[in-house]
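For the sequence shown, the residue numbers in this note's numbering are 21 to 460.
Here is the structure we will look at.
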Amino acid sequence: MDQAEKRKQLIELDKKHFIHPTSSLKHQQEHGAPFIFTEGNGVYLTDITGHRVLEAMSSLWNVNVGYGRAELAEAARDQMKKLAFTNCFSSMSNEPAIKLAAKLANLAPGHLNAVFFTSGGSEANDTAYKLARYYWKLKGKPQKTKIIARKKGYHGVNIGATSATGILSFQEMAISPAPDFLHVGPFSAAELKKLIETEGADTIAAFIAEPIQGAGGVNIASDGYFQEVRTICDRNDILFIADEVITGFGRTGKMFALEHERVVPDMMLLAKGITSGYIPLGAVVLSDAIQKELTSGTDGVLLHGYTYSGHAAACAVALKNIEIIERENLVENSRIMGAKMLEGFRNLQQEVNIVGEVRGLGLIGAMEIIHPATKLRFPVPVAPEVSKEAAKRGLMVRTVVFEGMDTIVFAPPLIIKAHEVEELLHILQQSLIAVQKKVM
Ligand code: PLP
Numbered sequence: 021m022d023q024a025e026k027r028k029q030l031i032e033l034d035k036k037h038f039i040h041p042t043s044s045l046k047h048q049q050e051h052g053a054p055f056i057f058t059e060g061n062g063v064y065l066t067d068i069t070g071h072r073v074l075e076a077m078s079s080l081w082n083v084n085v086g087y088g089r090a091e092l093a094e095a096a097r098d099q100m101k102k103l104a105f106t107n108c109f110s111s112m113s114n115e116p117a118i119k120l121a122a123k124l125a126n127l128a129p130g131h132l133n134a135v136f137f138t139s140g141g142s143e144a145n146d147t148a149y150k151l152a153r154y155y156w157k158l159k160g161k162p163q164k165t166k167i168i169a170r171k172k173g174y175h176g177v178n179i180g181a182t183s184a185t186g187i188l189s190f191q192e193m194a195i196s197p198a199p200d201f202l203h204v205g206p207f208s209a210a211e212l213k214k215l216i217e218t219e220g221a222d223t224i225a226a227f228i229a230e231p232i233q234g235a236g237g238v239n240i241a242s243d244g245y246f247q248e249v250r251t252i253c254d255r256n257d258i259l260f261i262a263d264e265v266i267t268g269f270g271r272t273g274k275m276f277a278l279e280h281e282r283v284v285p286d287m288m289l290l291a292k293g294i295t296s297g298y299i300p301l302g303a304v305v306l307s308d309a310i311q312k313e314l315t316s317g318t319d320g321v322l323l324h325g326y327t328y329s330g331h332a333a334a335c336a337v338a339l340k341n342i343e344i345i346e347r348e349n350l351v352e353n354s355r356i357m358g359a360k361m362l363e364g365f366r367n368l369q370q371e372v373n374i375v376g377e378v379r380g381l382g383l384i385g386a387m388e389i390i391h392p393a394t395k396l397r398f399p400v401p402v403a404p405e406v407s408k409e410a411a412k413r414g415l416m417v418r419t420v421v422f423e424g425m426d427t428i429v430f431a432p433p434l435i436i437k438a439h440e441v442e443e444l445l446h447i448l449q450q451s452l453i454a455v456q457k458k459v460m
């Protein structure tokens, strides 16, 4: 069977049997899967037809060390042959989980020294909300239950994480969000202060924020915002949870994004880049004070655990992945290549009339599409057209078009080299020009 025939067959099976996550199921039925990828190498993916693309999103902001890393496959194989999995309930343990917890404690700033493992970011979020409430209960303040999150924030799709997510369409699909979740504007510390006053600090368990909002369109708070947030939380006895699921492990040019602001949260949520997507894993890194309080609970029993909390093979892959990030100085590369990418976006802003605001920090960035005459958005989003043109020319980007946005977002693997950034920018330029001709 040739590749074209094989592709056709796979597309039919995909339509019939595969419910895709966060996808238009109607589009799938009408057009089939746009890509069936078969291979990855560095910053490139190749699909079943042999079409190669520079993958400028690290898939879902997570393949930080790039594709095709044999070392990570070997780490998984070696651990699986020895001991793939055994549960960590009832205080049982395994070597990779212990070593990874110690490594994360070492990497994490300040008082963040204890780690609870999950299988991904949504589970890390739900764990954090439960632990925050439990912490206050143990401290004799069981009425502190509310979680304040930010508008346009994204925290995952479990019922708790969906309820914290500040993107309306996700909330609406969940129909009946969990109680005690509130939302504030993403960049105003004053608004947060006001909401705390209105609700009463004695009813609030935690404030949660992504240091840079990813899925919400790569929204970056102004300098000093998170320092103010830290002060407000401290003054009101509210835990500060940083969702570093996207921003962790070098994405922004620091190992963790809040380091830019020299702010230490009470809990730090990790996933994605922790294994660069080679195997599912997430983590909640807790402060010493929270660990101490949990330990002193009713007989110190923690009735919260996933079957895969502390999965030996996943932890072994994470350890190797972090070793690669450190050995290859990928955090520094993210800073340098990120600055180059942003400079390129600024040049495109001068050259191409439909490019509005551009922004970024390290290897996470965004570009707004605007109508040059009005400087406002087009009536129908144009970014998806740019994305289609780019894919044809060999570049994969992602677009954010909810709630009136018309934005292209970028998060290439942290291994990207200067000439690959140039290739990204060149294809982007050609795609923007092609779309501009069509829409103007
Ligand atoms: N938090 C943030 C900031 C995310 O971007 C995501 C996923 O995109 C999540 C949490 C949820 O993680 P997962 O999809 O691994 O459950």
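Cβ coordinates follow ideal geometry from the N, Cα and C atoms, glycine included.
It should be emphasised that the depicted structure is a prediction, and the values quoted were computed from it without experimental measurement.
query, result
"Where does residue 66 sit, in a helix, a strand or coil, going by DSSP?", "strand"
"Smallest Cα separation from residue 396: which of 386, 374, 454?", "374"
"Would the C-beta of residue 266 count as close to the ligand PLP, meaning under 6 Å from any of its heavy atoms?", "yes"
"Are residue 354 and residue 270 closer than 7 Å when you measure CB to CB?", "yes"
"Determine which residues share a DSSP beta bridge with residue 59 and list them.", "66"
"Residue 229 bridges to which residues according to DSSP?", "262"
"Examine the ligand PLP and report whether any of its heavy atoms sits within less than 6 Å of the Cβ of residue 230.", "yes"
"Which one of 459, 288, 21 has the shortest CA to CA distance from residue 307?", "288"
"Compute the minimum distance between the beta carbon of residue 110 and the heavy atoms of the ligand PLP, and state whether it is under 6 Å.", "no"
"Grab the span of the beta strand (DSSP E) containing residue 413 for me, first residue to last.", "No beta strand (DSSP E) contains residue 413, which is instead part of the alpha helix (DSSP H) from 403 to 413."
"Given residue 273, which residues of its chain have a CB within under 6 Å of its CB, disregarding the five upstream and five downstream residues?", "354, 355, 358, 382"
"At which residues does the alpha helix (DSSP H) containing residue 477 begin and terminate?", "As shown, the chain starts at 21 and ends at 460. That puts residue 477 outside it, with no answer to give."
"For residue 71, name the three-state secondary structure that DSSP assigns.", "coil"
"Tell me which residue opens and which closes the beta strand (DSSP E) that residue 133 is part of.", "132 to 138"
"Is there contact here, the segment 167 to 177 with the segment 361 to 374, by at least three beta-carbon pairs under 8 Å?", "no"
"Taking 7 Å as the cut-off, decide whether the C-beta atoms of residue 256 and residue 210 are in contact.", "no"
"At a threshold of 6 Å, does residue 40 count as lining the ligand PLP (C-beta to nearest heavy atom)?", "no"
"Here's a check: name, in chain order, each residue in its chain whose Cβ is nearer than 8 Å to the Cβ of residue 223, leaving out the five neighbours to either side.", "163, 164, 165, 166"
"Rounded to whole angstroms, what's the CA-CA distance from residue 429 to residue 446? Just pull it up for me.", "16 Å"
"If residue 2 sits next to residue 124, beta carbons under 8 Å apart, how far is it from one beta carbon to the other, in whole angstroms?", "Residue 2 lies beyond the residue range present for the chain, which begins at 21 and ends at 460; the question has no answer from this structure."
"To which residues does DSSP link residue 201 through a beta bridge?", "167"
"Of the residues 158, 284, 94, 39, which one's Cα is nearest the Cα of residue 316?", "158"
"Could you check what DSSP says for residue 427 in three-state terms: helix, strand or coil?", "strand"
"Which same chain residues end up closer than 6 Å to residue 351 when comparing Cβ atoms and leaving out the 5 residues on each side of it in sequence?", "270, 275"
"Do residue 181 and residue 242 come within 7 Å of each other at the CB atom, strictly closer than that value?", "no"
"If you draw a straight line from the C-alpha of residue 198 to the C-alpha of residue 31, how long is it?", "37 Å"
"For residue 154, which option in 263, 67, 87, 320 has the closest C-alpha, if you only look at C-alpha atoms?", "320"
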